[in-house]
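Each remark here refers to the structure printed beneath this line.
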Amino acid sequence: MRSAGGFSLIELMVAMAIALTVLGAASFVLTHQLSHGQRLLAETRLHAQASALLERMARDLRRAGYREHEQASADFDLRLPATGCLLYSYDRYADGVASANERFGFKWQRVDGVGVLRMRKSSAGLADCAEGSWETLSDPASLEVTSLEFVALDQACYDMASATRRPCPPRAGAGERLRVLRELEIRLQAQDRARSLPPVALTARVALPVAPLLPE
(Lines of atoms letter the chains of each structure in order from A and count residues from 1; the text may use other names and numbers.)
(Lines give C-alpha, C1' and ligand atoms only; values in the text may rest on other atoms or scores of the structure.)
Protein backbone atom coordinates (compact mmCIF):
# COMPACT_ATOMS: atom_id res chain seq x y z
CA MET A 1 0.00 0.00 0.00
CA ARG A 2 1.52 3.41 -1.09
CA SER A 3 1.79 6.26 1.42
CA ALA A 4 -0.01 9.55 0.72
CA GLY A 5 2.23 12.37 -0.74
CA GLY A 6 2.92 15.65 1.15
CA PHE A 7 5.29 17.37 3.56
CA SER A 8 6.34 15.92 6.82
CA LEU A 9 5.95 17.92 10.04
CA ILE A 10 9.69 18.59 10.15
CA GLU A 11 9.70 19.88 6.57
CA LEU A 12 6.79 22.24 7.35
CA MET A 13 8.56 23.58 10.43
CA VAL A 14 11.77 24.19 8.46
CA ALA A 15 9.82 25.98 5.71
CA MET A 16 8.03 28.17 8.26
CA ALA A 17 11.33 29.03 9.96
CA ILE A 18 12.85 30.07 6.62
CA ALA A 19 9.78 32.15 5.75
CA LEU A 20 9.83 33.91 9.12
CA THR A 21 13.54 34.67 8.71
CA VAL A 22 12.97 36.16 5.25
CA LEU A 23 10.00 38.20 6.49
CA GLY A 24 12.02 39.47 9.45
CA ALA A 25 14.91 40.51 7.22
CA ALA A 26 12.55 42.24 4.79
CA SER A 27 10.83 44.05 7.66
CA PHE A 28 14.19 45.23 9.02
CA VAL A 29 15.30 46.53 5.61
CA LEU A 30 11.97 48.32 5.08
CA THR A 31 12.05 49.90 8.54
CA HIS A 32 15.65 51.03 8.00
CA GLN A 33 14.81 52.55 4.62
CA LEU A 34 11.80 54.38 6.04
CA SER A 35 13.87 55.72 8.93
CA HIS A 36 16.65 56.80 6.57
CA GLY A 37 14.12 58.47 4.27
CA GLN A 38 12.54 60.38 7.15
CA ARG A 39 15.95 61.54 8.38
CA LEU A 40 16.97 62.63 4.88
CA LEU A 41 13.71 64.57 4.55
CA ALA A 42 14.30 66.27 7.91
CA GLU A 43 17.87 67.22 6.90
CA THR A 44 16.59 68.63 3.61
CA ARG A 45 13.93 70.65 5.44
CA LEU A 46 16.50 72.05 7.89
CA HIS A 47 18.85 73.03 5.06
CA ALA A 48 15.99 74.69 3.15
CA GLN A 49 14.94 76.71 6.21
CA ALA A 50 18.49 77.92 6.86
CA SER A 51 19.03 78.70 3.16
CA ALA A 52 15.84 80.77 3.07
CA LEU A 53 17.06 82.86 6.02
CA LEU A 54 20.45 83.41 4.38
CA GLU A 55 18.87 84.39 1.06
CA ARG A 56 16.51 86.80 2.82
CA MET A 57 19.46 88.61 4.37
CA ALA A 58 21.55 88.60 1.19
CA ARG A 59 18.67 89.88 -0.93
CA ASP A 60 17.98 92.85 1.33
CA LEU A 61 21.62 93.69 1.99
CA ARG A 62 22.23 94.16 -1.74
CA ARG A 63 20.46 97.51 -1.21
CA ALA A 64 22.40 98.53 1.92
CA GLY A 65 23.82 102.04 1.59
CA TYR A 66 22.08 102.75 -1.73
CA ARG A 67 21.66 106.44 -2.53
CA GLU A 68 19.58 107.79 -5.38
CA HIS A 69 21.73 110.93 -5.61
CA GLU A 70 25.40 111.59 -4.78
CA GLN A 71 24.42 114.45 -2.49
CA ALA A 72 22.06 112.24 -0.51
CA SER A 73 22.41 112.00 3.25
CA ALA A 74 25.52 110.19 4.51
CA ASP A 75 23.18 108.37 6.91
CA PHE A 76 22.56 105.82 4.14
CA ASP A 77 25.22 103.43 5.36
CA LEU A 78 26.05 100.00 6.78
CA ARG A 79 27.49 99.39 10.24
CA LEU A 80 28.62 96.44 12.36
CA PRO A 81 28.23 97.71 15.93
CA ALA A 82 28.34 94.28 17.61
CA THR A 83 29.04 90.61 16.92
CA GLY A 84 26.08 89.01 15.19
CA CYS A 85 24.45 92.36 14.45
CA LEU A 86 24.40 94.47 11.30
CA LEU A 87 22.58 97.78 10.82
CA TYR A 88 21.99 99.43 7.46
CA SER A 89 19.86 101.90 5.57
CA TYR A 90 19.13 102.78 1.96
CA ASP A 91 17.29 105.48 0.03
CA ARG A 92 14.03 103.58 -0.19
CA TYR A 93 11.99 106.58 -1.33
CA ALA A 94 14.71 108.10 -3.59
CA ASP A 95 14.40 111.45 -1.84
CA GLY A 96 17.89 111.70 -0.38
CA VAL A 97 16.61 111.85 3.22
CA ALA A 98 17.14 109.00 5.69
CA SER A 99 13.91 108.44 7.63
CA ALA A 100 13.13 105.97 10.43
CA ASN A 101 11.51 103.40 8.13
CA GLU A 102 14.58 103.39 5.88
CA ARG A 103 16.80 102.02 8.66
CA PHE A 104 16.99 98.25 8.94
CA GLY A 105 19.12 95.52 10.48
CA PHE A 106 19.68 91.84 11.14
CA LYS A 107 20.86 90.32 14.40
CA TRP A 108 21.19 87.07 16.31
CA GLN A 109 19.34 87.06 19.62
CA ARG A 110 18.42 84.48 22.24
CA VAL A 111 14.67 84.53 22.93
CA ASP A 112 13.23 82.21 25.59
CA GLY A 113 16.45 80.22 25.51
CA VAL A 114 16.46 79.74 21.72
CA GLY A 115 18.76 81.50 19.24
CA VAL A 116 16.75 83.29 16.53
CA LEU A 117 17.33 85.59 13.57
CA ARG A 118 15.63 88.97 13.88
CA MET A 119 15.14 91.80 11.38
CA ARG A 120 14.72 95.46 12.22
CA LYS A 121 11.86 97.19 10.43
CA SER A 122 12.50 100.79 11.52
CA SER A 123 14.64 102.84 13.89
CA ALA A 124 15.55 106.39 14.80
CA GLY A 125 19.26 105.74 14.24
CA LEU A 126 21.99 103.30 13.17
CA ALA A 127 24.15 103.21 16.28
CA ASP A 128 22.44 100.74 18.62
CA CYS A 129 21.37 97.13 17.99
CA ALA A 130 18.86 97.31 20.85
CA GLU A 131 16.79 100.20 19.53
CA GLY A 132 14.08 100.10 16.89
CA SER A 133 11.26 97.73 15.99
CA TRP A 134 12.38 94.12 15.46
CA GLU A 135 10.60 90.97 14.25
CA THR A 136 11.70 87.31 14.37
CA LEU A 137 12.33 85.71 10.96
CA SER A 138 13.30 82.17 11.99
CA ASP A 139 10.87 79.59 13.41
CA PRO A 140 12.04 78.80 16.96
CA ALA A 141 9.70 75.79 17.12
CA SER A 142 11.68 73.86 14.51
CA LEU A 143 15.04 75.59 14.06
CA GLU A 144 17.63 77.28 16.25
CA VAL A 145 20.10 79.77 14.82
CA THR A 146 23.28 78.91 16.69
CA SER A 147 25.62 81.46 15.12
CA LEU A 148 25.45 84.55 12.90
CA GLU A 149 28.44 86.53 11.70
CA PHE A 150 28.88 89.43 9.29
CA VAL A 151 32.36 90.04 7.86
CA ALA A 152 33.19 93.22 5.95
CA LEU A 153 35.61 92.30 3.17
CA ASP A 154 38.31 94.58 1.76
CA GLN A 155 36.88 97.50 -0.18
CA ALA A 156 38.32 99.38 -3.13
CA CYS A 157 37.51 102.52 -5.09
CA TYR A 158 36.78 102.89 -8.78
CA ASP A 159 38.05 106.13 -10.31
CA MET A 160 35.48 107.30 -12.84
CA ALA A 161 37.97 109.59 -14.60
CA SER A 162 40.73 107.04 -15.20
CA ALA A 163 38.50 103.95 -15.19
CA THR A 164 40.87 102.26 -12.74
CA ARG A 165 40.47 100.46 -9.44
CA ARG A 166 42.58 101.57 -6.48
CA PRO A 167 42.60 101.68 -2.66
CA CYS A 168 40.15 104.16 -1.18
CA PRO A 169 41.48 107.33 0.44
CA PRO A 170 39.75 108.65 3.58
CA ARG A 171 37.91 111.23 1.44
CA ALA A 172 37.68 112.11 -2.25
CA GLY A 173 39.90 114.95 -3.39
CA ALA A 174 38.66 118.07 -5.13
CA GLY A 175 37.16 117.14 -8.48
CA GLU A 176 37.59 113.40 -7.94
CA ARG A 177 34.72 111.06 -8.77
CA LEU A 178 35.30 107.88 -6.82
CA ARG A 179 32.92 104.99 -6.30
CA VAL A 180 33.33 102.66 -3.32
CA LEU A 181 33.19 98.94 -4.14
CA ARG A 182 32.27 96.89 -1.07
CA GLU A 183 31.55 93.25 -0.29
CA LEU A 184 30.14 91.55 2.78
CA GLU A 185 30.19 87.91 3.85
CA ILE A 186 27.35 86.39 5.86
CA ARG A 187 28.00 83.24 7.92
CA LEU A 188 25.01 81.40 9.36
CA GLN A 189 24.84 78.22 11.43
CA ALA A 190 21.60 76.48 12.40
CA GLN A 191 20.45 73.33 14.20
CA ASP A 192 17.13 71.53 14.51
CA ARG A 193 15.50 72.00 17.90
CA ALA A 194 15.74 68.30 18.78
CA ARG A 195 19.47 68.38 17.92
CA SER A 196 19.06 65.03 16.19
CA LEU A 197 20.48 66.18 12.83
CA PRO A 198 23.89 67.44 11.72
CA PRO A 199 24.13 71.26 12.05
CA VAL A 200 23.97 73.39 8.91
CA ALA A 201 26.68 75.97 8.14
CA LEU A 202 26.08 78.32 5.22
CA THR A 203 27.98 81.28 3.75
CA ALA A 204 26.98 83.97 1.27
CA ARG A 205 29.02 86.79 -0.23
CA VAL A 206 27.08 89.97 -1.02
CA ALA A 207 28.16 92.80 -3.32
CA LEU A 208 26.89 96.03 -1.79
CA PRO A 209 25.62 98.95 -3.89
CA VAL A 210 28.31 101.15 -5.38
CA ALA A 211 28.40 104.35 -3.33
CA PRO A 212 30.16 107.66 -4.00
CA LEU A 213 33.15 108.55 -1.82
CA LEU A 214 32.26 111.99 -0.55
CA PRO A 215 34.78 114.87 -0.49
CA GLU A 216 35.82 116.78 2.59
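Mapping of the sequence shown onto our numbering: residues 660 to 875, in sequence order.
Heads up, the beta-carbon is just placed ideally off N, CA and C, and yes, glycines get one too.
By alpha-carbon positions, which one of the options ends up nearest to residue i?
| i | options | result |
| --- | --- | --- |
| Asp736 | Gly743, Arg722 and Cys744 | Arg722 |
| Asn760 | Ala811, Leu746 and Asp771 | Leu746 |
| Met819 | Leu837, Thr805, Asp813 and Gly832 | Leu837 |
| Leu807 | Gln814, Gly743 and Phe765 | Gly743 |
| Gly755 | Lys766, Arg704, Ser748 and Arg726 | Arg726 |
| Tyr749 | Glu714, Lys766, Ser782 and Ala741 | Ser782 |
| Glu714 | Ala684, Phe765 and Leu682 | Phe765 |
| Ala800 | Glu670, Ala815 and Val773 | Val773 |
Terminal residues of the continuous beta strand (DSSP E) containing residue i?
| i | result |
| --- | --- |
| Asp813 | That residue, Asp813, is in no beta strand (DSSP E); it is neither H nor E in DSSP. |
| Cys744 | Cys744 to Ser748 |
| Gly764 | Arg762 to Val770 |
| Ser792 | Ser792 to Thr795 |
| Ser781 | Val773 to Ser781 |
| Val865 | Val859 to Ala866 |
| Ala786 | Element bounds for Ala786: n/a, residue is neither H nor E. |
| Arg825 | Thr823 to Arg825 |
| Leu843 | Glu842 to Asp851 |
Contact check, residue i vs residue j under 8 angstroms by CB: the rounded distance?
| i | j | result |
| --- | --- | --- |
| Leu802 | Asp851 | 6 angstroms |
| Glu702 | Leu856 | 5 angstroms |
| Leu712 | Phe809 | With 8 angstroms as the limit, Leu712 and Phe809 do not qualify as a contact, their Cβ atoms being about 14 angstroms apart. |
| Ala849 | Val859 | 5 angstroms |
Residues in the same chain with beta-carbon distance under 6 angstroms from residue i, minus the five sequence neighbours each way, listed in chain order, please.
| i | result |
| --- | --- |
| Trp793 | Arg777 and Arg779 |
| Ala870 | Gly724 and Val839 |
| Thr862 | Arg846 |
| Met672 | none |
| Leu720 | Val865 |
Output needed for residue i: all residues of its chain with C-beta closer than 7 angstroms, excluding positions within five of it in sequence on either side, in chain order.
| i | result |
| --- | --- |
| Gln768 | Val775 and Arg777 |
| Leu796 | Leu712, Arg715, Leu776, Arg777 and Met778 |
Going along the chain, which residues of its own chain have a beta-carbon closer than 8 angstroms to the beta-carbon of residue i, five neighbours each way excluded?
| i | result |
| --- | --- |
| Cys816 | Arg824, Arg825, Pro826, Cys827, Pro828, Leu837, Arg838, Val839, Leu840 and Leu872 |
| Asp798 | Gln708 |
The ligand NAD and residue i: does any heavy atom of the ligand fall closer than 7 angstroms to the residue's C-beta?
| i | result |
| --- | --- |
| Cys827 | Absence of the ligand NAD is noted for the structure shown, with no ligands found whatsoever. |
Under 8 angstroms, with one C-beta from each stretch per pair, do the stretch 679 to 697 and the stretch 838 to 856 reach the 3-pair mark?
The stretch 679 to 697, when compared against the stretch 838 to 856, does not touch it at the 8 angstroms Cβ threshold.
Quick check: the stretch 825 to 838 against the stretch 782 to 791, are there 3 or more CB pairs under 8 angstroms?
Contact fails between the stretch 825 to 838 and the stretch 782 to 791, because fewer than three Cβ pairs, one in each stretch, are under 8 angstroms apart.
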